[in-house]
Structure formats: C-alpha cells, structure tokens
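Structure record follows, encoded as structure tokens.
Numbering (the numbering used here), first residue to last: 24 to 1132.
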C-alpha cells in the first residue's frame, strides 16, 4: 500500500460552515487515525488546498462566499490540484443536485445524514484507488439524462464511475427509507382499526372481568404486542393489586403481582416493557402491563396509543362498577323483605323464651338470699340455669386477665360429657383476646352465635361436637371489676336475642351483688398486706417479695431491678382539684402500672404518689430499658383528671441487685435517691443509682445539717438592696435578702441553700430570723433618723402554710419596736395563686396589723385579675425579665406600661426590678413608675454599706431639667449630607437636635432623651422609616412621627398613616418654609397632648450618679 494510504499519512481537509458538524466529522476521522484540518467556506478551503495540498477534500455544498460546487470546479480546473479527490457531503438529494455534482467533477457523493461507517468506507475506497487512477487518467465525455434534462459530463472514466456508484448507493438508501415509511403507515392503519374495535366492543360488556379480558384480547391484536396483563387495585385503600386478565402468551410467573407499582399519570416504557395506568378523575383503578415482541421497543407514538387504550378501559371499568352496584342494591332490598318475614316468626318464639328466663331469674334471687359462700353460689347458679333456663350447659370460671385464662369453679349440664370432662383449666384453654378485653377488661357481655367459627372461645370444639351452636359469657363483677365469667351454652343461636340478654345481664347483676357481700369479708384480710386506695402491695409485702426475688436471683445469677416512680406535678393536681380527683388519679396509675407487669414482677404504692416496682428475673442490664420505656409510655397516654384528660410524667429512679446492694431496704432507699435526682433535673426522666449520687445526697444532707448550725453560729447575714424614688432620687424602700457567709466555702449562693431549707423545713426558723433582723435593722436606721421607708421581707410558701406566721410577725414587731407600717411582706405571684382563698384571709389579717403587702415577679405567673382586685395589696413589682428589654422590645415595653396602668388603676404603688441602665430608668420614670430597684443604683450590700449610703443623704439619681429645656427633635437618616442639611436649616429655630444614622442609634437616643418630634427617612438599609416609626409608636406613643422620603411608596405610607404610626409624610427635596411649618405644628400637638408641664415628669431624664452594672 502506498505510504500515503496509511491513515497517519493521509491529510484530509473538511470544508464545512457549521462548526458543530465540522467538529463531529473531524472527531470521526481522527478516531481512525487520519489527520484533519477545516475551513469555514469554499474560499478559505481553496486557499488551504493551494497552501497544503491535502490528500482528500470533503466539502459541504451550501456555504457562504463559495459553495461546494464552485470549490470542486475550481479544484478540477487547477492543473496542480485536479488530482485531489473531492467528496461532496450534503443534505441536498434531488436529481439536479446529483447532476451538478457530476458536472463539477466531484469524485464521490454522500447524502446527509450519513452513517459513520458508510462515510469511512467511502474514504478508504477513494484512498485505495487513488494510486491506481494515476497513469490511467483518460478523460471521456458522457451524456446523462436526469430529471428530463440532458447533462454532458467530461471527466476521468474512473472518476465518473465512482461518482455514479455513490449516487446509486444513495438512491438505494432512499428507497429503503421509503419502504420503511410504508410499513409504518400500514402499522398505523392497523392500530387505528384496533382502537375503534376496542371502543366498540367495550360498550357490550358489564363486569370488570369482562372489560379486562376483552380489552387485553383486542390490544394483543394490535401490532408489536406479544403478551399482556391487567391488574386492578383493591378497594380496601391499600396499595395492592390483583391480576384480572392475562394474554395466552403471558408467562405464569407474572400472575401474582405487577413488575412495578407506583403513581404514574401516563403510559411509560422501559425497553420491551410498557405500563399503562387505568385512572379516572384522579382515581387509580389499575394498571396494564404489556410486553413487545422480541426485538421491538415502544416509542412515543406507541405510548400515545396506550394512553388512549387506558382511558377507554378506565371508562368501561367505571361503567361496569356502577352496573354491579345497582345489582347489589336490588339484592339487598330482596334480602330485607325476606328477613322481615323471618322476624315475625321469631317474635312468637321469643315470648316462650322469655318466660323461661323469668323463671331462672326468680330462682336466682331466692338463691342469693340463702347462700353465703362463693363456690356454693356458683354451683347453684349453674344448676338453676340448666334446670329453669333450659340451657344445655352452664359453668362459672374465675377470670385471670393477665394470662388470658379462666379457671373453672362450678358447672352443671344435661349431658354426661359436661360431668365427665372435669372442666380442667387445660381443657378450657386460653381465652380469645377480644374476650379478655370486652368481658373482663370492659365488663361487657359476650355473645357467640356460631361456635364452629369461634377461635379462642372456651370448650368451643367440644361443645360443637355435642350439638351446641351458641354461647354467652356474663361478667360477674365486684367493685366494678370482673372477677368471674358465667358461660351459658345453647343449641340454637336465637336464644340469645336482645330481650333475653337484657334479663340475663340483670341475672348477672344479682349474682354480682351477692359476690360483693362475700368479697367485703375477704377484703378485711386482704388489706393487711395491700394499700387500701390502690389495692397494690404495701411496703411490708413489697419488701417480702423483694427478698424472694433476690433469693431467686442469687440461685440463677440474675439481676433484680428496684424502680421507684414519683409522679410529676401530682401535688398541683391534688391541691388544685381536690383529694378526690387525686385519689382517682392514683388508682388509675396503679391500674396502668399493674397492667404492664411481667410474671414475677411486683408494683407497690409506698406513699402519696410514690410507687415502687420490682423487676425480677432480669438477665442483664439490657432488659431494663424496655421496662422503663413502657412505664413512661403508659403514663403519656391521656388519663382522666377531673373533667379533662391529662398526660402524666414521672421521675424514675432505679437500683439494681447485686450491683448496688443485696439488702431490700437499702435497694429501695437507693432507688428513691435516684428518683429524687431525676426530679431535681426537671422530672420526666429516669436515673440509675450511682455511688456519686449517694455521695451527692450525703453532701446535701451535710449541707442541710450545716445550714441548721449556720443559723446558730451566726453565719447567715442579711444584705439590702435600696429602692429609689423616681421623683426625687432618694431611697424610698429596702429589700432584705439573705446570704450565707460560710467560713470554709465563702458566700454560698441563695439558689443552693434556699431549696434545701424549704425541703427540710429550716426555711421557717430562717425566715423568722430574717424577719427579726430586717425589722431590727430598720428600727436602728429610724432611731438614727436615716429611714422613713419600709423594709421588704420575702415569704416562702412553707411560711404561709405555717399557722403561727402572723403571731411571729406580731411578736417580732413588738420586740423590735418597729411600726408595722415600715414592714413590707413580699410574696411571689406563683405563691399567690397556689391557694388564693387562704392567702386572701391571711393578707387581710396582716393588713389589719398595719403591715404593707407587695407582689413580686408580677406578670411571670398565672394570676387571676379577679383575685388580684380582692387581695389587700400595697405594691406590685415589675419583674426584671420585662425591664431588661424595655428600651428595644415593644412587647416588653407594653407589658411594663400595662402593669403600671393596672397598679395605678387599683391604687397600688409600682416597683420596677432589675434596672441596669439609664435608658431603662428614664423610660420607667417617664411612664410614672414610682420606685426603681437594680444594679444601676446599687447591688445588694451588707447593712453597714447601706448605713454609710444613707448617712450621705444624697439622692441616688438626680433630675436633668436641661434635657427638656428646649424642644427636642430627632433626625434619622442614613445619608450624612441630608442630616447636615436639615441640621443647618433648623438650627436657628431653637430646637435641640439629635441625629441618628440608623434606627438602632435612634432607639438609644430615644431611651435617654425626651423627644417630642421624630423626622425619619423612609429608605434605610436595615429598617424602613415606616417600620421604625411603627415600633416607636408602640414604645413612645406620645412622640409625633413624620416620614421624609424621596420615594412615593403610597400604599405603605397610606397604611402607616391609617394605623396611626405616621403623622405626616413629606417628600424630598423639601420646601424649607413648609418643613418648618410642619415641625412647629407637630411640636404644638405634642405639647398640647402633654398639657402644661407642672409635674416632675416634665422635668426630663434621669442621670445615674453611680453608673449601672
């Protein structure tokens, strides 16, 4: 082979104006080793040919500047280039195009789109014949008739032959495409005819099965389909399907479920498989699955056809379902008429049946008068049922709901088999779950009218073999608990009709009445080891069973868990709703806990709402979490409490044998300690006992012991925090706060020892000491002329429950000589609502003594305004949580103003706690809060420091009248040039001008200045002017608010004006005279709303002397 026929030696020029097609052709040739280059049109291609003389030229026809024909003629006309083969590649395939290719001297012709292998074959053929054609270049002339026209072609013989061959190949290819189109037209005609046939024949069938069979058969007659299946969805609401129809060619393996189930809205296909939904008005009726013949696949046209078929089948199915529904209605009506005739016949039989039940009931009533033992009562009741009630068999069994069993106790029957079987528990067998739930758990009578189909009914199979068909089970109750079941067997189910069952239930009630008398005598002995309220084992029985469980665990190397459970919030329910509701709740919980016991477990009530469970025979620690989870789960279920339901939580502690101890008393103690730890951490959780917990409890006990000694050792001290008058800045009150100065640990936080004091009861002597010390100190200040104010002492709920409290207060006042007017007793809002009626009575007696009363932390609890107006109060204290954000949170500001307004309307004083900044003090003073307390003035300090402060006789705050000496205007704009321009314009008007570049700065200025008018820009980065002024309105409603904007957002501005957030809207650029007039009018309105400034509030802001912390 000549060297240039090697692919790497072949240089092919591609002349193509489409970059994409040129790139694709280059890639194809390069993949086969050819070197390629490109040109974008004929002119550039000719220049490239003359420059590099390629081995072969492949050219498009339609190109700008010079098309492919012109390029070919230019090549063939050049003596140096004419031997270069030229292949024409074009989408033009008409006769004239072929003739033009021949005339221009092209060596070959290929029509777009081409197959890559066909183009490569042409290239290889031309290259192979390139050398052969050298030396045989004989030009000939040839007349060719194409399209009715004569064309004269002059070229080399081989070149003409090659071109004619390529033209012939393209003609053959076009002919094959036309044949394929004819096949597709024929197939479409067949498909259309099939669709008409399906539509016509579906109108003739009336059942879903017929619809599916006919539709699938007609579909198989369409071209391309080999096999098919139709599945209909079940009507039970589940995502399940059943096969309704399958073609004869379908594989049996596909008969169970469809290959694919899912929500599809139209036909889909994967390879040979297609799926067609059967849906009507968004209701999914089923699915058709189809399989194409081997070698075929489904296209979009096929899927459109399948969608049409699916719609036709869905409509036919809906019509068939409607037809079946109408037929069912006719059948139901016919059955109802037949039943009416049967009912008349049964009414006559019912009269006879009731007479025997009355006889049975009369004899039972006689029986219960003379029988006083349970077993005899049961035996005689069974005899009466058989002899007078004409039942074939009657027997009574004691109920065991935990094991779903009954233990036969008495029986009587007319057949020998009833006496011979002995009614062993094994023969009775396990009860059906429904029987346990209804007859035993829900105390409902059970009637079974077909024993042959009754799984789990006692002696069902044996009774059926002796001709019995029905039975009823009557629950016998004591204290509304099912203790036994009485079973009556009958040969006909009609015996147990409604009237007869009413009498039988009355009979069961009479037997239950007799059982109740017997049970009361048994209960006397029962209560020796069981809790009277819950019927659970008491502490003695718990410890005995725990000893037994430990002994068993020792022999089998198992674990025993002692679980102590204490209900969260039970005290609130018990005190709030009454002890009756609390007792009912405890009984319910006892039942729930008993219901989850395993074999060998025990649950006991130790005291109040504290329960202890023994988890016996645990293999390892992995058995414990499911028990804890089940405990929490049963308590989370809604439980009736009073007239409502509630979800309980519990604090749970666990100790383990042998890990923690082998002594029952110690194990119970450790479980209680773990439970208390769970309760301290917020409840609704469980904790395992650890040695660290024992240590912590010991430390708590030591703290309690040290706390008791601390009072005697003088380690407790009283700190005082002053309350300042917002009017003149002087001290107007003092709050006494206890501190513990431990010689070893230093100052112990109140939050650490106050809870211990409350739990241990030490809070009462400690509270008495604080009261004594506070009154003594205030009298000492008064003797020195330093105090003309009351000292406030906090009371705990334990002190309020102490009936001696009032006497202690009176005694302290007498001993210290303090006038009762200078003592203030302070209670929290939560304490106030624990027992309002008791508290009202106490406070009224305290007021009669002359003592002042205040409510602390007002607004944080759930107090009732109805009780508030009835309480003899002197002051309300605003909680620090509202004061903290008062200058930046509209909600906090609104709450503070509301509390102040409530207090004033009730003629009460107001103290704000937690004041830490000048802005907070200003805001509260501006809104008429009389007294302020917080770190801004002084933290709690010892009495000596307070004495030094009082001796200075200086106010802790001073008034700043210069802040309101002139009208104060606040300008808010993020553009500095605007702020400067406004300041220059208004400087001569006598305003005190405050400037802020953003709303955040503006809020700070408003907190420390008494601003009358605010002029704010509308467009600011962080917050719009209208939003800023809306918040200002909520916090500073008296300030006049004006928007200045270069944008006319009329909807926003109009809404703000209508809501009262904005007084005026001015546009930029403004008119100087008009702006001045608007501001003068705004200040006039502000001053008019405030009135003449005669009171101290008009004097301005407050400036702290000490600074805040």
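Glycine residues also receive a C-beta, built at the ideal position from the N, C-alpha and C atoms.
Remember, predicted model here, so these are calculated numbers, not experimental data.
Residues in its own chain within less than 7 Å of residue i by CB, not counting five upstream and five downstream?
i	result
residue 694	585, 586, 587, 635, 676, 677, 678, 712
residue 433	398, 401, 402, 405, 418, 419
residue 346	229
Report the rounded CA-to-CA distance for residue i versus residue j, giving the unit in angstroms.
i	j	result
residue 344	residue 471	35 Å
residue 122	residue 248	45 Å
residue 31	residue 319	41 Å
residue 605	residue 612	11 Å
residue 293	residue 86	42 Å
residue 626	residue 554	11 Å
residue 893	residue 901	19 Å
residue 973	residue 967	10 Å
residue 608	residue 519	38 Å
residue 957	residue 935	8 Å
residue 987	residue 1019	Because the pLDDT at residue 987 is just 38, under 50, the model does not fix this residue reliably, and the point stays unresolved.
residue 775	residue 781	11 Å
residue 829	residue 854	17 Å
residue 430	residue 621	20 Å
residue 726	residue 498	58 Å
residue 1042	residue 908	26 Å
residue 92	residue 144	23 Å
Looking only at C-alpha atoms, which of the options sits nearest to residue i?
i	options	result
residue 411	380, 399, 426	380
residue 530	509, 513, 543, 518	509
residue 99	75, 89, 126	126
residue 420	402, 638, 816	402
residue 317	684, 250, 350	250
residue 971	673, 488, 810, 643	810
residue 124	137, 108, 136	108
residue 930	590, 952, 946	952
residue 749	932, 306, 473, 738	932
residue 700	105, 684, 717	717
residue 670	725, 464, 596	596
residue 464	435, 616, 423, 491	423
residue 965	64, 740, 1019, 1110	740
residue 340	1002, 645, 236	236
residue 825	682, 629, 784	784
residue 517	414, 467, 535, 581	414
residue 629	683, 566, 662, 1009	566
residue 394	800, 256, 533, 460	533
Just to confirm my understanding: we take residue i, look at its own chain, exclude 5 residues before and 5 after, and list those with CB closer than 6 Å. What are they?
i	result
residue 496	462, 469, 508, 510
residue 790	822
Are the CB atoms of residue i and residue j nearer to each other than 8 Å?
i	j	result
residue 484	residue 400	no
residue 110	residue 90	no
residue 1051	residue 1092	no
residue 254	residue 310	yes
residue 870	residue 876	yes
residue 706	residue 672	yes
residue 639	residue 691	no
residue 336	residue 234	yes
residue 641	residue 581	yes
residue 67	residue 82	no
residue 899	residue 878	yes
residue 991	residue 928	no
residue 687	residue 569	yes
Which residues in the same chain as residue i place their Cβ atom closer than 8 Å to its Cβ, once the five residues preceding and following it in sequence are excluded?
i	result
residue 49	37, 59, 61
residue 998	1040
residue 827	none
Assuming the contact rule is C-beta atoms closer than 8 Å, residue i and residue j should be a hit. Round their C-beta distance to whole Å, please.
i	j	result
residue 993	residue 1037	5 Å
residue 777	residue 822	With 8 Å as the limit, residue 777 and residue 822 do not qualify as a contact, their Cβ atoms being about 12 Å apart.
residue 843	residue 873	3 Å
residue 338	residue 303	7 Å
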